[in-house]
Amino acid sequence: MKRAGDARLGAYAVLAAAALVTALALRRTELAAIAAPFALLVALGVRAQPPRLRAWFELDRERALEGDVLDATVTVRSDQAVDRVEVGLALPDGVELAGGRNPVALRLSAGEERELPLRLRCVRWSSVEIGEVWLRTRDQIGLVRFEGRIDRRRPLKIYPTAERLRILVSPAHTQAATGSEVARLRAEGLEFADTRPFVPGDRVRTINWRATARRGSLVVNERHPERNADVVVFLDSFAEARTSDEGTLEQAVRTAATVASRYLERRDRVGLVAFGGILRWLEPGGGLVQQYRLVDALLETGVEFSYAWKDVDVIPARTLPPRALVVAVTPLLDERSIGALLDLRGRGHDLVVLEISPEPFLEPGRDRSDLAALRLWRLQRAELRARFERLGAAVATLDDEITMEEALEGVRAYRRHARLVQR
1 MKRAGDARLG AYAVLAAAAL VTALALRRTE LAAIAAPFAL LVALGVRAQP
51 PRLRAWFELD RERALEGDVL DATVTVRSDQ AVDRVEVGLA LPDGVELAGG
101 RNPVALRLSA GEERELPLRL RCVRWSSVEI GEVWLRTRDQ IGLVRFEGRI
151 DRRRPLKIYP TAERLRILVS PAHTQAATGS EVARLRAEGL EFADTRPFVP
201 GDRVRTINWR ATARRGSLVV NERHPERNAD VVVFLDSFAE ARTSDEGTLE
251 QAVRTAATVA SRYLERRDRV GLVAFGGILR WLEPGGGLVQ QYRLVDALLE
301 TGVEFSYAWK DVDVIPARTL PPRALVVAVT PLLDERSIGA LLDLRGRGHD
351 LVVLEISPEP FLEPGRDRSD LAALRLWRLQ RAELRARFER LGAAVATLDD
401 EITMEEALEG VRAYRRHARL VQR
């Protein structure tokens, strides 16, 4: 623990010095006697030593979801008696106190150990370190204050809560591995496709006996196989619109985590490209381990300021496999990310754009020029969406009034009726 500044000790030192100087100047011994108590207090305060305090921090787990409540314990021990010690746990952004007292004042005997139970609530997704314990105490006469920090930090990953989605966007192409997506081709599978005349080599179990009886010749069933797909989540982290509490990046990460989790549940291979000032990528993979890798990579994503121009050529080729579905989560605010998405579509990638609307974070003025600028900005964004749709890329806008399920239903309707541009 370190000695902290104390106004009273300084005031006593000034009084003692003033009394001594006055006694010497006036040659009055009684003034020196008056200064003696103050000088004694200053001497005791200067020689005061901090007590030996130790602290530990325990957390019941290192991974949690938004809204979860964690049990934590701060343990304090003193090697000597302390009349009053203040103990406080520093809480990082995204964590708040749900139960217990923080900070708290204690009285400890020599060798006494005290446990302070706390309940912490995870209010928003983040990757933080928690466990910084602050201690504050005074000397025996209350003149000198001592403060110390004991670093017992440990990582805590708060995962965003995934929304419930009944149906996802089906990719235009599937891969060869078995999955949950019904492929367009016809082969061994469960989903009925059509019937056709029997040819040598067909299995007997594929014969449709009712159709055979009606037509008088052997007829077999054709089916759609179940395949998996390669999905790449493209997260735009070049720019964001935000208020003091939340911004488009928080919503984008939550949306990207939901998309990745739901596709992984269907046994698809999912990858990640965080396209921003710092490029992060994760090659497509499947399983629970891949899900943890994806969410951990999303938690590390932040808006990094950069003037450098970047295009899709900086993305490793294996991160964007052929015939993959690219789901872009973006506020459509930076020309570099917009140009990269248009380039991806121009190269033939199956593209879906989930726009995180920045409009709820705007505070437009009330005069006529501000309102005209807002209308012009809205027209520009509408033209940009139409540009993507002319290229065959569906655009869905997510805001406070439109849920993700509703937005994806609009994407599915567009992809059912629109002719995808093939290059």
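Heads up: the sequence shown at position 410 corresponds to 410 in my numbering, and the numbers run straight through without jumps.
From the three backbone atoms N, C-alpha and C, an ideal C-beta is built for every residue, glycine too.
These numbers were taken from a predicted model, which means no experiment stands behind them.
Review point. Tell me the DSSP bridge mates of ASN221?
Key: THR195
**Study point:** Residue burial classification, ILE278 (beta-carbon count within 10 angstroms, cutoff 16)
**Key:** Around the C-beta of ILE278, fewer than 16 other C-beta atoms lie within 10 Å, and the residue is accordingly described as exposed.
Point to revise | For VAL74 and GLU132, the rounded distance between their alpha carbons | key: Those two C-alpha atoms are separated by around 10 Å.
Review point. What first and last residue would you give for the alpha helix (DSSP H) that runs through PHE57?
Key: No alpha helix (DSSP H) holds PHE57; the beta strand (DSSP E) holding it covers 53 to 59.
**Study point:** Every unbroken beta strand (DSSP E) within the region 218 to 297, with a cutoff of 3 residues, ordered by chain
**Key:** DSSP runs (the beta strand (DSSP E)) wholly in the region 218 to 297: 219 to 224, 230 to 237, 269 to 276, 280 to 285.
Check your understanding: Mind checking THR255: buried by the 16 CB within 10 Å criterion, or exposed?
Key -> So THR255 counts as buried.
**Study point:** Terminal residues of the alpha helix (DSSP H) in which ILE338 lies
**Key:** 335 to 346
**Study point:** Closest Cα partner of LEU320 within the set ARG149, LEU282, ASP71
**Key:** With distances taken between Cα atoms, LEU320 lies closest to LEU282.
Point to revise | Through-space distance from ARG54 to ALA324, alpha-carbon basis | key: Roughly 55 Å separates the two Cα atoms.
Check your understanding: Run through DSSP, which three-state label would ASP313 get?
Key -> helix
Review point. Hey, VAL85 and LEU108 are a contact pair by Cβ (cut 8 Å); roughly how many whole angstroms apart?
Key: By a beta-carbon distance limit of 8 Å, VAL85 contacts LEU108. Their separation comes to about 6 Å.
Practice item. Pick helix, strand or coil for PRO155, following the three-state DSSP scheme. Key: strand
Practice item. Alpha carbon to alpha carbon, how far is ASN208 from VAL123? Give it in angstroms, no decimals. Key: A straight-line Cα-Cα distance of about 57 Å links VAL123 and ASN208.
Check your understanding: Buried or exposed: VAL346, going by 16 or more other Cβ atoms within 10 Å of its Cβ?
Key -> The question names Val, yet the displayed sequence has Gly at residue 346. Flag for GLY346 reads exposed.
Point to revise | VAL128 - DSSP class collapsed to helix/strand/coil | key: strand
Point to revise | Bounding residues of the beta strand (DSSP E) (the contiguous stretch that carries GLY99) | key: 95 to 99
Check your understanding: Would DSSP call GLY88 helix, strand or coil?
Key -> strand
Check your understanding: By Cβ distance, which residues of its chain are closer than 6 Å to HIS349, with the 5 residues on each side in sequence left out?
Key -> VAL326
Review point. Does the beta-carbon of ALA382 have 16 or more other beta-carbons within 10 angstroms, so that it is buried, or is it exposed?
Key: exposed
Check your understanding: Between the C-alpha atoms of LEU44 and ARG153, what's the straight-line distance to the nearest angstrom?
Key -> Note on LEU44: pLDDT 48, under 50, position unreliable in the model; the coordinate value appears next. If you take the alpha carbons of LEU44 and ARG153, they lie about 35 Å apart.
Check your understanding: alpha helix (DSSP H) containing ASP370: first to last residue?
Key -> 368 to 390
Review point. Over what stretch of residues does the alpha helix (DSSP H) that includes GLU406 continue unbroken?
Key: 404 to 417
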